[in-house]
Structure formats: C-alpha cells, structure tokens
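Protein sequence lines correspond, in order, to chains G and V.
For the first sequence, full-length UniProt numbering assigns the number 1 to the initial residue and increments by one for each residue that follows.
For the second sequence, full-length UniProt numbering assigns the number 1 to the initial residue and increments by one for each residue that follows.
A virtual CB, placed ideally from N, CA and C, is assigned to each residue, including glycine.
Please read all numbers here as calculations on a predicted model, not as lab measurements.
Below is one structure, written out as structure tokens; comments come after it.
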Amino acid sequence: MDLTLDRVKGALRSPVTFSVVAGLVIGALFLVGTGADPFAAYGAVVTGSLGADGIGSTLTTGTSVLGMALALAIPLRAGLINLGGDGQLVLGGIAAAVTGLYSPLPAPLTVVLALLAGVVAGAAYAALAALCENRFGVPLLVSSLLLSYPATSLASYLVRYPLKEPGSSLPQTRRLPEGVALPVFGTSTVTAGLVLIVLAAAAYWFADRRTAVGYEIRMTGLNARFAAYAGVERRRLTLRLMATSGALAGLVGAIGVLSFPYRFLDGSLTAPGYTWTGLTAALLAAAAPLGTVVASFFFAVLQVGGLSMERTTEVPRELTQVLQAIVIVFLAARLRFPRLRRSRGKPQEPAAREPAAQGEPV
Amino acid sequence: MTRPPSDPSAAAVSGPGGAVSGPDGAVGGLPPAVELRGITKRFPGTLANDAVDLTVRRGEIHALMGENGAGKSTLMSVLYGMERPDAGSIRIDGAEVSFGSPGAAMAAGLGMVHQSFKLFDSLTVAENVVYRAEPRRFGLVDRAAARRRVRELGAEHGLVVDPDARVGDLPVGLRQRVEILKLLHRGARTLILDEPTAVLTPAEADALFAVLRSLTARGRTVILVTHKLREVLEGSDNVTVLRDGRVVARLRTARTSGAGIAAAMTGRAVELDRVHPAGTPGDVVLDVEGLGTAGVHDVRLSVRAGEIVGIAGVAGNGQSELVEALAGLRTVTAGRVALRGEDVTHASAAERRAKGLAYVPEDRHAVGTAPAASVADNLAMGHHRTSLSSRRGLLPPSAVRAHARDLVGRFGVKAATPEVPASALSGGNLQKLLIGRELAHGAPLLLVEQPTRGVDIGAIQAIHDELVAYRDAGHAVLLVSAELSEIRGLADRILVMYEGRVTAAYDRAEADEATLGLAMAGGAGTTTGAPAGAAPDGD
Numbered sequence: 001m002d003l004t005l006d007r008v009k010g011a012l013r014s015p016v017t018f019s020v021v022a023g024l025v026i027g028a029l030f031l032v033g034t035g036a037d038p039f040a041a042y043g044a045v046v047t048g049s050l051g052a053d054g055i056g057s058t059l060t061t062g063t064s065v066l067g068m069a070l071a072l073a074i075p076l077r078a079g080l081i082n083l084g085g086d087g088q089l090v091l092g093g094i095a096a097a098v099t100g101l102y103s104p105l106p107a108p109l110t111v112v113l114a115l116l117a118g119v120v121a122g123a124a125y126a127a128l129a130a131l132c133e134n135r136f137g138v139p140l141l142v143s144s145l146l147l148s149y150p151a152t153s154l155a156s157y158l159v160r161y162p163l164k165e166p167g168s169s170l171p172q173t174r175r176l177p178e179g180v181a182l183p184v185f186g187t188s189t190v191t192a193g194l195v196l197i198v199l200a201a202a203a204y205w206f207a208d209r210r211t212a213v214g215y216e217i218r219m220t221g222l223n224a225r226f227a228a229y230a231g232v233e234r235r236r237l238t239l240r241l242m243a244t245s246g247a248l249a250g251l252v253g254a255i256g257v258l259s260f261p262y263r264f265l266d267g268s269l270t271a272p273g274y275t276w277t278g279l280t281a282a283l284l285a286a287a288a289p290l291g292t293v294v295a296s297f298f299f300a301v302l303q304v305g306g307l308s309m310e311r312t313t314e315v316p317r318e319l320t321q322v323l324q325a326i327v328i329v330f331l332a333a334r335l336r337f338p339r340l341r342r343s344r345g346k347p348q349e350p351a352a353r354e355p356a357a358q359g360e361p362v
Numbered sequence: 001m002t003r004p005p006s007d008p009s010a011a012a013v014s015g016p017g018g019a020v021s022g023p024d025g026a027v028g029g030l031p032p033a034v035e036l037r038g039i040t041k042r043f044p045g046t047l048a049n050d051a052v053d054l055t056v057r058r059g060e061i062h063a064l065m066g067e068n069g070a071g072k073s074t075l076m077s078v079l080y081g082m083e084r085p086d087a088g089s090i091r092i093d094g095a096e097v098s099f100g101s102p103g104a105a106m107a108a109g110l111g112m113v114h115q116s117f118k119l120f121d122s123l124t125v126a127e128n129v130v131y132r133a134e135p136r137r138f139g140l141v142d143r144a145a146a147r148r149r150v151r152e153l154g155a156e157h158g159l160v161v162d163p164d165a166r167v168g169d170l171p172v173g174l175r176q177r178v179e180i181l182k183l184l185h186r187g188a189r190t191l192i193l194d195e196p197t198a199v200l201t202p203a204e205a206d207a208l209f210a211v212l213r214s215l216t217a218r219g220r221t222v223i224l225v226t227h228k229l230r231e232v233l234e235g236s237d238n239v240t241v242l243r244d245g246r247v248v249a250r251l252r253t254a255r256t257s258g259a260g261i262a263a264a265m266t267g268r269a270v271e272l273d274r275v276h277p278a279g280t281p282g283d284v285v286l287d288v289e290g291l292g293t294a295g296v297h298d299v300r301l302s303v304r305a306g307e308i309v310g311i312a313g314v315a316g317n318g319q320s321e322l323v324e325a326l327a328g329l330r331t332v333t334a335g336r337v338a339l340r341g342e343d344v345t346h347a348s349a350a351e352r353r354a355k356g357l358a359y360v361p362e363d364r365h366a367v368g369t370a371p372a373a374s375v376a377d378n379l380a381m382g383h384h385r386t387s388l389s390s391r392r393g394l395l396p397p398s399a400v401r402a403h404a405r406d407l408v409g410r411f412g413v414k415a416a417t418p419e420v421p422a423s424a425l426s427g428g429n430l431q432k433l434l435i436g437r438e439l440a441h442g443a444p445l446l447l448v449e450q451p452t453r454g455v456d457i458g459a460i461q462a463i464h465d466e467l468v469a470y471r472d473a474g475h476a477v478l479l480v481s482a483e484l485s486e487i488r489g490l491a492d493r494i495l496v497m498y499e500g501r502v503t504a505a506y507d508r509a510e511a512d513e514a515t516l517g518l519a520m521a522g523g524a525g526t527t528t529g530a531p532a533g534a535a536p537d538g539d
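Here is the structure:
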C-alpha cells in the first residue's frame, strides 16, 4: 500500500505533471487576458472530446496519434530520432491504396494485404534512412528528415497523375472497392485499426520490460557507449529499430486509407500533423510505453476538444496548440535541469541524491 | 606493516570538540587563512557534514583526507559557496563570511581547481587565464598584457606554460598549471585542489608539489583534497581526516605514518602495498602478435591461465588503445590476436565475449555503466543474453533482480536496493559492481583497466583480493594500471608501454620501482628477442 502511495506521490511531483499543470494555468491566463472564461473553454474541450459526441472522434484521432507516437518512441528509447514519420506514413498509405485498388483477392484478404503493404513500405523506407547512417555516416536525424520530402512528393504526384480519380477535381485516388475497409465499431468512425495500434502498444510495453532486446534498447538509450562495450551492435540495432518505426508509421498510413474516406487523398494523412503530435507525445513520455499511450490520448483530447471549443465558445482552437507548446517548453526545461545541477553539484559526495526517474514506475 | 588505529601518532579524536592535537587557532598572532567551525550539512538521507571544524594556517599545505563519501567534497562545496551549510560558521583571514556563490568566495581570495578542469580547449593559455578578469586597453582585451601576465606569474612560481599554446593541445599536467595560473591571476590567496594528482604521472605530481611549495613559501595557502596517502605524507604540513561526515583525526604530517592515516580514514587497520603471492601459469589464453592500431605499434604479448600480466606505463602511451583493440572496440590494423587458440583479430566485441572475454574498462561512468540505469540493470549487462534470458529472448525482471541481489551480496556492493540508479553509488561501490559483473562471467580472459582509480583504500583491498582469487581459479588476467604499487603487488609479469610499444618486460622479482619508473619514462632500450612477456613457446 505504501509503495502505491509513494508512486502516486512521485507521479504527482513529477515534471510531467508540473508541465501539464503549468500549461493549463498559463493557458487559462491567456483566456482571461482575451476576456474568455477559462472554465467554460476547458469544459468545452473536455465535453467536446470525451462526451458522447466526441469520444468516437477522439479515439479515431487517438489511433493515428498513438500509432505515430509509438513509431517515434521506439527508436527514441535507444536515443535515435526518426524525423521521417511523414514520409513513411504517406508511403504506407499509398502502398495500401494501390494494393486495395488493384488486388485481385477477395476483400477481407485484400484488407490484410493492404495493411501488410503499408507496413512493408514504411519499414523499407525507414530502413533506407538507417542505411544512410550506417553506411555513409549521414546522421539519422538528417537522413530520415530529408528522405521524407521525396516520399510525400512522390505520393502527391501519383494521386495527381497516374492514380488520379477520373473526373474528380481533387488530388485523390478512386474509392476502394466495396468491402475493402477496416471493420468499424457500430456506427462510429472507430475502426479495428485502434485495436491494432493498442496491440502494438502492448507489444512495445512487453518488449521494453521483459525481453533482452528491449533491455538492450533501453541501455543504448541511457548510455550508447556502455551498450557497445558490452557487445550490442549499434548499426544492427539502428536498422531494426528504424524498420520497426517505419513499419508502424506505414501501418498508421494504411489504417488511414482503409478507414473513411476509403481512399488516398493528398495531404489528408500529413495535414493533421500526427507525426509531430506523436513525436511530442513520445518526448513527453521519454518514450516509456505506458506514458506514450497516456500522452497520446491527452493530445488527441486536446486536438478534438479544441475544435469543439471553437464551435461552442469564442475561443479559437489554436489555444490547444498553445497549450501543447507550453507543456513542451516546460518539459524541455526539465531536460536541462539535471545536467546543470550535476555539473555544478559534481563535488558533492552523496552523488545523485534524488534518483532521476527512468521510464515509468511499473 | 599494519598498525592498529590506536597508534599514538594518529592522535585520533573521538569527535568534534574532542582532544585536538596539532595546530589550531591563530599562530604568531595571524588569524588562520580558513577557519570552519561546526559546519553541518544535511542531504535527504545523509548527514554529509556533522559539526566539522577545520583550521588551515596561512602558508601551509593542509591535506583534507577521507574515503569517498566521507564528506570532503561537501565541506569544500560549503567553503566555496556552492552549498549553504545548515549550521556553522566560516572565517577567512579572521573575518566571518557567508558565500552565496563561488564568485563571492573568489572575491574573498579563495580559488578552486576542480577535478575535471574548467577550461576552454579551443582558446589559448593566456585567454583562459585572464577569462572574466581580462586586462583592458581602450575597452578592448589587451592580449599582450595577458600574455605578459602569464609569463610573469609562471616565472614567479615555476609554472612555465607557453601563453600562446592552445589548451586543447596541452597534456594534462600543463592544463592543471593553467588552472592554477587562472586562480593566481585573480589573486587567490588560498587554493583548494580537488584530487589534483589523479590524472598526473609521478613526475608531473612531483612537479606540482614543487609548485605548491613555492606558493606556500610566498605566503599562499593550499588545501589539498585527496585520498592518496603518499603525496599527503610527502607534500603536506597538516592533515585533517574525515570519516562519515566527522573529523576523526587532526595530524601533523611529520609525526604520522601512512598506516596511521589509513587507519583513521577507514576506522580499522589497513595493510598498504601488499604483495600477493605469485600464480601458477598454465596454457596460453591470449596471444598477441605484432598488433597495431591507432597509437599502438607492433605489440607482442601473451597471457596464460592462472597469471596476471601487468601493463605499466604513464597514461597516454597506448595502453587504452591496446585494451580497446583487444576488447573489439577498436579496429586492428596489423598483427593477429588469438583467444584460446582461435583467431579473433577482426571479431566483434560480442563475438569476443562469447568466446570468453570479460572487460573492466577504465572509464566506469562513460563506458562501464549506464549511471542513469538501475543497479540491477547495470549488473545484467552481458548476462542478459546468456544466463538471465530464456531461449525465446525473454528477460524476466525477477531474474534480473535475483541476479543483482546475488552479485551485490557476493561482491559487497553497498546499494540501498537494486532499483536505485547506479549514479547513487560511490566510486568504490560502482567499481565493485562493475568488477563483480565482469568476474561473474567466469571468462577465461579478463581485461582490467585502472581497477582502483578513485576507489577507497578499503575497497582497493577487496578488489585486489577478488582479482587474485580470479587468477587462482585458473583465469588469465591482463591488468593495465598507472599505479606502480598495484602492478607490483598483483602482476606475475610486468610489461612497460612507452609511446605505443611494449618497451620492456620483467618478471615480478626483477621489477623494482626504480627500474619500472625509468622504463615508463622511456629509459628502457628496446628489448629485442623474446622478452619475458612474449609467448613462452609455441609457434
């Protein structure tokens, strides 16, 4: 019992809680400054995203945000940053769309094949970024980011010319054939994609805590030289982590295409900014599995609730982006504090008096 | 060699306020340079300083000794304005002060040389020395004056450094001089040096003490924070010993002995510089022929089961590079490495470990551990794919914890729980963790670098005993150490590295300190033929 209490106390005192609360308070100050009622605005965010009308939308958005957050968290756990999420996402989407449109198989099998195609496309493209680092010494940050642009441009070209829906004025493919779609829960927009992503999160949690490879990933993230000294081969790990990351991003793309509006529409996967929201969520949670899930849900609530807040109050939805930004700024400040403290406090002999929290207290 | 802690020369004090021998208070009418009274500093869970009194006379070299965690660094942080004491007073030259920051302490004439230097590598010596106290001319930095100042200060104290040299290009010993010059330039009257010889060669350490002597002869005061007995005995005037946050002894150096100080530091009798019995060598485990890598040329050596081969040498003569190449962390450019008869010249670190190699690296924070990870996770490394994981690659947390509890117990690592981060351990405990983890592999070959650097006297003994027991169990050990006494106490054969080559090899009987010292300084002619370090026979 005591232990649980301690953990709750620890969670309350953690910098994540602090940043979120600080974000909400500063957001409230903005609201008051513009003459709006912060309680009404926040209330609108909550009812709009978690109420009966909004929850479906939140879960749909949450699927994509969590998927991308996982995609970025997995390499981040080893200290690698995949900035090419958009490219991998879009390639996954276009691969799924092409498979869905041209597969001769029956519809259910086509759905599975389309998901796999998305996964493979994303994984292969992310692996290319890893190879650029391993073989040619291009930093992953650079290779993954730069490879993203040709991928989105390629998809854009494909849906404007060869794959364009005849007669449409929009840069989009034809609608997928009848039945080539993910099963939907009831009348909502929530698809089986949510189940897939939640399973992926569970698999990540399990691998992180209970497998040898998860251990190697965590240790690489905490001290890459330590891991290398003990025989963890960094290049191989980079390649595998990036492929996994790209696979998840591709899966999110495929899920996006296999859900409403059941086609690839240029920009529809990248415009909502799932990649960046996902990266933010992964950073917020320091890539810890459960934390990533919670943070993703939080951002999905903000994103969906912000729209509803705009509708019911006079407050523009950009406020939720301001909130997101404030939370990140505070967290970034946390990332700095320990380092400053350590260099100044170095001569203290009872070293590290407050153990730095690593991951989540599971 | 052992002496009981009650040795009269140790003048042990039961606690603060107890009978105090040695100098105290004002001498010759002058107030002491530094006087700390009843300093108490509490951190959550620890009482780092418990009513500590410290009196440092003007013009003396005062050694502050104690094992890791005894409270030396906390006391100096309090003195230097980096920590606020919970109780107690500080007087500098008789005037009571209270420093809110190191800047205030500097203004009062204190100066500190930290263990890790705080210099700009890309700037010149002169630029570093005058930083934040630049001589100005027409509002601009007067570079000529800065260079002149460095030359003057250097000439006055025997601290000769080229003012135009880039600090990044200087060897460690000279960088330390730059740190001292920086303090002198700002007018520091009392210099605090934190473990100043940890990075120095014996000759550089001697030179440092000559400089410190010249400083005290000109009326400056030096506080030396250290745990090295020899230099305290040779270099200091008075010693204050801390243990568990309290002053346990105040000694006049001339009237004490190493054993006396060691006993005060540890609270028990300690045997210094023990020489362990020789091993009984068996088959060749490691065989190196003509090995070359960056900074290492044509190294030939072998290590047999049941023996410890020591590599002596001043730091930076290729020892680290050699060991990294042997561990598979550095590309071999020439020659051949065989581990138990198998060629592993181009094998990866993982392959070598699988074939029977364990390795205790020199830098335990940056390489040997992940300080932010838990003690349990640190102990699992290397075992996580073998004894701890199932065939499907699962790594049950319960197995990791059990393994950690086992090793913590076996090697006497003091950790509150296996879940605390490794950064919470003292240097000696972290090293025990690291050595325990590597010994637990039971690998036929163990590479050990600087096993007791920065480690307490008590822990040194335990570590040496572990290494000898490991050898006696029939394993081969290659030991690299900058401590001659360690090499001589442990090694069955001794190789000396100089400028990337093995320049001399001795059996333990023929290697006295003078011979080794000369060889380490490059004085050994290139030994040709088969030195004692070469393979006994074979190919």
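Proximal chain G residues relative to residue i, where beta-carbon distance stays under 8 Å
i: V:L329; result: A228 and Y229
i: V:S348; result: G231 and E233
i: V:A373; result: R218, M219, L222, N223 and Q358
i: V:V361; result: Here residue 361 of chain V turns out to be Pro, not Val, going by the sequence shown. Correct list: Y229.
CA-to-CA distance, residue j to residue i, given in whole angstroms
i: V:L229; j: V:E67; result: 11 Å
i: V:S390; j: G:L196; result: 27 Å
i: G:G305; j: G:R77; result: 30 Å
i: G:R175; j: G:E165; result: 8 Å
i: V:I435; j: V:V480; result: 14 Å
i: V:L215; j: V:H157; result: 7 Å
i: V:A459; j: V:E499; result: 32 Å
i: V:G25; j: V:G245; result: Because the pLDDT at V:G25 is just 43, under 50, the model does not fix this residue reliably, and the value given afterwards should be weighed accordingly. C-alpha separation (whole angstroms): 22 Å.
i: G:P121; j: G:A247; result: At residue 121 of chain G the sequence reads Ala, which differs from the Pro that was named. Taking the straight line from one Cα to the other gives about 7 Å.
i: V:E358; j: V:G382; result: The question names Glu, but residue 358 of chain V is Ala in the sequence shown. V:A358 and V:G382: Cα-Cα distance of roughly 9 Å.
i: V:F138; j: V:L159; result: 30 Å
i: V:A370; j: G:T211; result: 18 Å
i: V:H185; j: V:T256; result: 35 Å
i: G:A254; j: G:A243; result: 16 Å
Beta-bridge pairing of residue i - partner residues as DSSP gives them
i: V:Y498; result: V:R501
i: V:K41; result: V:N49
i: V:P421; result: V:S374
i: residue 542 of chain V; result: Coverage of chain V is limited to positions 1 through 539, which leaves residue 542 of chain V absent and any answer about it impossible.
i: V:R137; result: V:L140
i: V:V247; result: V:L242
i: V:I192; result: V:M112 and V:I223
i: V:Y506; result: V:I494
Within chain A, partners of residue i - CB distance below 7 Å
i: G:A212; result: Structure shown: chain A not included; protein chains present are G and V.
Per-residue contacts from residue i into chain V (C-beta, under 7 Å)
i: G:N134; result: Chain V residues near G:N134: none, gap ~14 Å exceeds 7 Å.
i: residue 366 of chain G; result: Since the first residue of chain G shown is 1 and the last is 362, residue 366 of chain G is not available in this structure.
Listed by chain order, chain V residues near residue i by CB distance under 8 Å
i: G:R225; result: A366 and V367
Presumed contact (8 Å Cβ cut-off) between residue i and residue j, rounded CB distance
i: G:Y262; j: G:S64; result: Actually they do not touch by this definition, with Cβ atoms about 16 Å apart.
i: V:K432; j: V:G454; result: About 13 Å; that fails the 8 Å criterion.
i: V:S122; j: V:G173; result: Rounded, the Cβ-Cβ distance is 20 Å, inconsistent with contact.
i: G:G100; j: G:A114; result: 5 Å
Per-residue contacts from residue i into chain G (C-beta, under 9 Å)
i: V:R353; result: A230 and G231
Practice prompt. Would you check if there are 3 or more beta carbon pairs closer than 8 Å linking the segment 48-67 of chain V to the segment 124-133 of chain V?
Written response: no
Discussion item. Three or more C-beta pairs under 8 Å: does that hold for the segment 349-361 of chain V against the segment 211-231 of chain G?
Written reply: Counting Cβ pairs under 8 Å, three or more are found: they touch.
Worksheet item: Is the segment 275-287 of chain V in contact with the segment 470-489 of chain V, if contact means three or more CB pairs nearer than 8 Å?
Response: The segment 275-287 of chain V vs the segment 470-489 of chain V: in contact.
Worksheet entry | the segment 14-22 of chain G touching the segment 317-334 of chain G, judged by at least three CB pairs closer than 8 Å | yes
Worksheet entry | Three CB pairs or more closer than 8 Å across the segment 54-70 of chain G and the segment 293-300 of chain G | yes
Discussion item. Does the contact criterion of 3 or more C-beta pairs under 8 Å hold for the segment 276-292 of chain G versus the segment 201-208 of chain G?
Written reply: yes
Practice prompt. Take every Cβ of the segment 285-297 of chain V, pair it with every Cβ of the segment 257-266 of chain V, and state whether three or more of those distances are shorter than 8 Å.
Written response: Because the criterion of three Cβ pairs below 8 Å is not met, the segment 285-297 of chain V and the segment 257-266 of chain V do not touch.
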